Each structure stands twice: as structure tokens, then as C-alpha cells.
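For what it's worth, this note's numbering labels the leading residue of the sequence shown as 5, then goes sequentially.
For reference, the structure is listed below as C-alpha cells.
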Amino acid sequence: MDEFKIIENIKTQAEQLPQNLILSIGDDAALFQGSDNFTYMITTDTFNQFVHFDFIYQKPKDIGFKSVVASLSDIAA
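Structure (C-alpha cells):
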């Protein structure tokens, strides 16, 4: 199952969206209003060895950098 099918599966299983949800499940992020009146963003992404990186050719710090940059890019989008 690919990433987009997983997202659609989660959407269809959600019977009722929380009232504090500002921006629902999208590509990789959702926004919600916390009880402390702050707005929070949840973002997630997957990085799979041999698909997105390979330990043979990349150092762990480079893989970590790539994951942070991808998450920041999702937030900026």
C-alpha cells in the first residue's frame, strides 16, 4: 500500500473530525488548535532504506539532514 492509499484509508475510517482541527489530513501535515490556544502542526514522512537512502552511500547525519529538510519543506508548503 502506498502513502496516498494509507492517507485515504485513514480519512475514510475517521467517523467524525475533531472540532479543534483547522486543516485536515493532507499530503503530510495537519493543523489543530490546542486547548492552550496555540496552533499545532503534526507532520510525518517516511524514509525507507534502498528507496530514499542507502547506508552504503550516505552517512547517518546526511540521512538525518535530509529528513529534517523534507519535513520543513512540508511545513512551508
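Glycine included, each C-beta is placed from N, C-alpha and C at the ideal position.
Predicted, not measured: the structure shown is a model, and the values here were computed from it.
Just how far apart, CA to CA, sit Phe-57 and Lys-9? For this step, residue 57 is matched to residue 53 along the sequence shown. For this step, residue 9 is matched to residue 5 along the sequence shown. About 22 Å.
Is DSSP giving Leu-21 helix, strand or coil here? Numbered from its first residue, the sequence shown carries residue 21 at position 17. Coil, per DSSP.
Please name the residue, chosen from Gln-23, Phe-54, Ala-74, that lies closest to Ser-39 on a Cα-to-Cα basis. Reading the sequence shown from its first residue, position 35 is the one you call residue 39. Per the Cα distances, Gln-23.
Ala-34 lies in the beta strand (DSSP E); which residues open and close that run? Along the sequence shown, one-based indexing puts residue 34 at 30. That run of the beta strand (DSSP E) goes 33-37.
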